[in-house]
Structure formats: structure tokens, C-alpha cells
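*Asks:* Residue numbers (our numbering): 1 to 151.
Glycine included, C-beta positions come from ideal geometry on N, C-alpha and C.
#1: Drop a sphere of 10 angstroms on the beta-carbon of residue 75, count the other beta-carbons inside from all chains shown, and report buried for 16 or more, exposed for fewer.
#2: Which residue marks the beginning of the alpha helix (DSSP H) containing residue 62, and which one marks its end?
#3: Report the option in 53, 80, 95, 54 whose CA atom is closest to the CA atom of residue 63.
#4: Output needed for residue 83: all residues of its chain with C-beta closer than 6 Å, excluding positions within five of it in sequence on either side, in chain order.
#5: Going by other Cβ atoms of all chains shown within 10 Å of its Cβ, with 16 needed for buried, is residue 37 buried or exposed?
#6: Whole-angstrom Cβ separation of residue 9 and residue 93, contact assumed at under 8 Å?
#7: Give the range of the alpha helix (DSSP H) segment to which residue 112 is assigned.
#8: Have a look at residue 7 and residue 108 and give me their C-alpha separation to the nearest angstrom.
#9: Residue 61: buried (16+ other C-beta within 10 angstroms of its C-beta) or exposed?
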């Protein structure tokens, strides 16, 4: 429901506003990712909109790429992506709330939910991909394999 998603968004925002420095705080981001991905996919499966599930997978893939890019920036010692990127893409709490609202508003309206998910997936993918390419090209950092060897 939209009320549950709004509650999640508020509580998640409060949780990530503080530094994650506790012994088990490293679990917080993966739990939020799992919650976002699960919400998007479950809403797509439960919708009567044909094609919603592939569109939802597109959104999950775009967001997963953003998370992958974030991890490699941090591993490379350059820090997290810029704050504007999180704001523009809505953050996990914003995307979860938006998809829930879209599912509620567009329920029973044919392909509308599918089109909304696809548009959101394309928008998120374009923004994170362009910013990622811009960063990695301008950083001048060498490509490094997972084993730590320069490519």
C-alpha cells in the first residue's frame, strides 16, 4: 500500500541520514536494496499490466548498475557518487514510494503501469550511465580487476 511505502520512505530516510559506523551497519545498504528490488518486482507481478515484469527488471537492472558503480568508486578510493545523483534518481526510498504510487494509480489501466516502469527504467539508466561514464573517463584511473591487478 502507499501508506506502507510512505512509512518505509520516512524510516529509511532517517536510517541513512546517520553515519553507518556500527559493527553490523554494513548490512543496511544491502537490506535496503533487497527491499527496493523486491517491492518493484512484487508490484509488477501483482499488477494486471502486461509486460510489467520485464519493465520492472529493467528498472532493477538500472538501479543495480548504479549500486555496482557506487561500490567500485568507493573501492577505488574516490568516494560515493555525487549527492545530486541520488537526488535526481530518487534514492531507494523515493523510487520505492514512486513505484508504489504508480502501481496504485495505474492499476487496471492496461499498459500504463508497464509504460511508467519502462520510462522510469530508461530515465534512471540514462542518468546513472552518463554520470558513470563521465566520472570514469575524467578520473583517469586505470581499470583494475577484482584481484587488484591493473587491466
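*Replies:* Here's the rundown:
#1: Result: exposed.
#2: Residue 62 -> alpha helix (DSSP H) spans 52–75.
#3: When each option's Cα is compared against that of residue 63, the closest is 95.
#4: So no residue of the chain qualifies.
#5: Residue 37 comes out buried.
#6: The C-beta distance from residue 9 to residue 93 rounds to 4 Å, short enough to meet the 8 Å contact threshold.
#7: DSSP places residue 112 in the uninterrupted alpha helix (DSSP H) bounded by 112–139.
#8: Their backbone Cα atoms lie some 25 Å apart in a straight line.
#9: Exposed is the call here.
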